[in-house]
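Chains as they are written, first to last, in the UniProt record's numbering: chain A, 1 to 238; chain B, 1 to 238; chain C, 1 to 238; chain D, 1 to 238.
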């Protein structure tokens, strides 16, 4: 049993690494199965196969979850930790499906996808990224506020320019906000765009100002991450 | 009354902070109300509710404005300051609405949205951003000129290539300018694009050159801000 | 006449600065006039007004050009310099229009827009930008080659995936190249996009790889410019 | 014959450089010919001309390949090297075309485009880029995983919001993934976009979060490359 404990908790042991890779492959396969389930016009045989694969996955994940609780020094600390809750949410939807009718099941099944977050459990990237996000916390929040104000003001502006010309597309400030988002992020689906001269000139100025603002948070994240990475490298003497 | 003065002017006191948060929530709610008003097919009861909520907001903002003038050491300095004028513009449209007919009201109501700028009154981000913008002032202006020239020359170019093939879409240099903007910012709504081979090759070269130019001001802002942030951190010994 | 010479050649004198601003305003106005001329359904009176304004502009520009030659120490050096040729090209189309029939005139008139380049004659931005471009010369050329290869390979790839499904849109490698350009620059007009599963998966990988490559030259320009600016600041002791 | 060996293997000799430029021009011309072949409605005479040009190109490339094997000190090392295999793949499709029927020929002909990679044989950019990619290897892989998770979770999210409203466009998680890709890369073709309010709000948050993540790998590549370039410059004492 000491070996089993080692496999579950010690990622650095040979068998621990193997077990981790096995769990990760199972997560990816269960997500692929989940995605296939959403395909329309599935055969009943396929649907049945996917169900039994899901039963298999949940069994493994449940056993893993229980063993993690047992082998943990402070079980409640694990249960209430971020990954403990992810492990729980990854199996919950399956067990809930017995007590609930099929309609509400659909909403709960979505929790299954949080299994994907188990993929980065031992990933150093997440820790570094978390650190970078904490370092640039203040600046990022401030810029999100400025971005929010910019999006709102541009929505108000375009509403006043375009509402009369396109009353159905720019029907309210809320639909104009959709335009703000798709324009300032430069996605530009083409479902909503200004047609009046005033609206086009307004778009011009909003884009010139907006591009210089909306890309700043991304730059700050990258810069903070770059610094964190450098620091980590220095520490490890690389 | 010394307490009231403290609440209004001292953001660092416990009650001052509470009052500030209350005002900020009220601003956001009044902007939400403003946005809901633009929805078509509103019920009369909703419209009436929104009106009375607006009356409530303006009352609070007016009291706040008057108290700020009274408690200010140099009242005129506050009145003529940026935030003093924002505070005034935030309540002006409501009082104007009594003296004006309903048609012209619509234009004035838009000033209400400037309330949003009150949200960043005590925000250090705006000061840092202002500093960053001042630091990179010269470079940003120069690049805006180059961007302007690039947009204009590309509009002229595409006009000559596409005007004959699409006389309605590329009807003049002005409509071609709209294409320049939506293309060089990579928004690409899809309402206007070249169809001739010459126009497509021209777009290719303009994009290759343009992307290297139009993203530079954004990079300069981010770089200047990053320096300002570093400087601030050094000062505060963080 | 010494004063006139001073006005033309010495940008730092009071009158020289005034003259320069006057010329710059005239350039912008003549470009606006040029743009208005492209509007369809112009009245004859407007067209006539624009013509006489053009005559006025060209007269001023011609006098300026001749005076610059006269007052120049080495006339031929000025005539063959970049700005000397811009000054010549800015007036050439007008004089050519007398000797040529109206059809070919249209092609020549486009040279008038090069007047816009006169706007940056004394602009330090252009010099810095030129220096930055020279500094990062090698890297930019190399990345343009890589970008070219990427665009070509993605055009070939999408052609093989989509040609059968959309023989009209992806009719040849050349039309596929148009898709490559509009996709990898993230413009995405929506006039041409993959519909097969293979094509979509291919687009996914091309975008993941491409975004990491196509934005690099822009980053190199910004970085080189940032260094040039720093160097200039140090020199001037700012 | 020593001269011939010199021409083939010594890029720094005068004739070696000439030969290299000749080969590079031939590669570009053969790729242009390949592209022209894909044009629909080609005349038989053009098709015949292109075929004989291809025969000419392949002859030269074959002679070059054989000479490179002969003059190489370790022939097998060359044959199994990256460029050796590119040289082989560049001529293979032509010789295969004799033994195969016309249908399967089409698939093999695509290998001809790998000739383009011969263009960067002596290019230092590729080496630097390779070095930069190796330096930022760990970070890039980690961020590709995070990008993958983000794309998948946003596909799941939009599927739940839009599937009922647009059952044909968001028919499964796989078609939703296509939306994720075109949205988060900000391409935004406009063939698929959310129409429900929930879906639009979800898109808003995904874009705000996503833009700060998806641009990070590009930034890391640029940063790593910039460092590699600096290092190279120091080494060469530039």
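Quick reminder that beta carbons are idealized off the backbone N, C-alpha and C, glycines included.
When the Cα atoms are used, what is the spatial distance from residue i to residue j?
{"i": "residue 120 of chain C", "j": "residue 50 of chain C", "result": "25 Å"}
{"i": "residue 206 of chain A", "j": "residue 134 of chain D", "result": "39 Å"}
{"i": "residue 163 of chain C", "j": "residue 192 of chain D", "result": "21 Å"}
{"i": "residue 16 of chain B", "j": "residue 62 of chain B", "result": "18 Å"}
{"i": "residue 81 of chain C", "j": "residue 28 of chain C", "result": "23 Å"}
{"i": "residue 74 of chain A", "j": "residue 7 of chain A", "result": "18 Å"}
{"i": "residue 4 of chain A", "j": "residue 64 of chain A", "result": "11 Å"}
{"i": "residue 19 of chain D", "j": "residue 88 of chain C", "result": "42 Å"}
{"i": "residue 138 of chain C", "j": "residue 144 of chain C", "result": "10 Å"}
{"i": "residue 76 of chain D", "j": "residue 95 of chain D", "result": "21 Å"}
{"i": "residue 39 of chain C", "j": "residue 129 of chain B", "result": "41 Å"}
{"i": "residue 204 of chain A", "j": "residue 183 of chain A", "result": "11 Å"}
{"i": "residue 208 of chain A", "j": "residue 202 of chain A", "result": "10 Å"}
{"i": "residue 42 of chain C", "j": "residue 54 of chain C", "result": "16 Å"}
{"i": "residue 167 of chain C", "j": "residue 26 of chain D", "result": "29 Å"}
{"i": "residue 44 of chain A", "j": "residue 56 of chain A", "result": "18 Å"}
{"i": "residue 153 of chain D", "j": "residue 22 of chain D", "result": "51 Å"}
Spatial neighbours of residue i within its chain, please: CB distance less than 8 Å, with the 5 preceding and 5 following residues excluded, ordered by chain position.
{"i": "residue 37 of chain A", "result": "47, 50"}
{"i": "residue 165 of chain D", "result": "195, 196, 199"}
{"i": "residue 141 of chain C", "result": "none"}
{"i": "residue 149 of chain A", "result": "none"}
{"i": "residue 78 of chain A", "result": "68, 69, 72, 84"}
{"i": "residue 146 of chain C", "result": "213"}
{"i": "residue 91 of chain C", "result": "58, 61, 62, 65"}
{"i": "residue 172 of chain D", "result": "159"}
{"i": "residue 185 of chain C", "result": "214"}
Suppose the cutoff is 6 Å on Cβ atoms and the five residues either side in sequence are ignored; what does the same chain contact list for residue i look like?
{"i": "residue 9 of chain C", "result": "71"}
{"i": "residue 151 of chain C", "result": "180"}
{"i": "residue 13 of chain D", "result": "6"}
{"i": "residue 170 of chain A", "result": "159, 162, 163, 176"}
Using a Cβ-Cβ cut-off of 7 Å (strictly less than) and excluding sequence neighbours within five positions of residue i, which residues of its own chain qualify?
{"i": "residue 34 of chain A", "result": "112, 113"}
{"i": "residue 52 of chain B", "result": "none"}
{"i": "residue 24 of chain B", "result": "119"}
Using 8 Å for Cβ pairs, my map puts residue i next to residue j. What's the rounded Cβ distance?
{"i": "residue 58 of chain D", "j": "residue 188 of chain C", "result": "Contact flag wrong, Cβ pair sits at about 38 Å."}
{"i": "residue 67 of chain B", "j": "residue 86 of chain B", "result": "Between residue 86 of chain B and residue 67 of chain B the Cβ distance is about 16 Å, and since that is not below 8 Å, they are no contact."}
{"i": "residue 190 of chain C", "j": "residue 190 of chain B", "result": "4 Å"}
{"i": "residue 31 of chain C", "j": "residue 127 of chain C", "result": "With a Cβ gap of about 23 Å, residue 31 of chain C and residue 127 of chain C do not count as contacting."}
### Message
Can you confirm whether the segment 141–160 of chain A touches the segment 176–186 of chain A when touching is taken to mean that 3 or more C-beta pairs between the two stretches lie within less than 8 Å?
### Response
The segment 176–186 of chain A vs the segment 141–160 of chain A: in contact.
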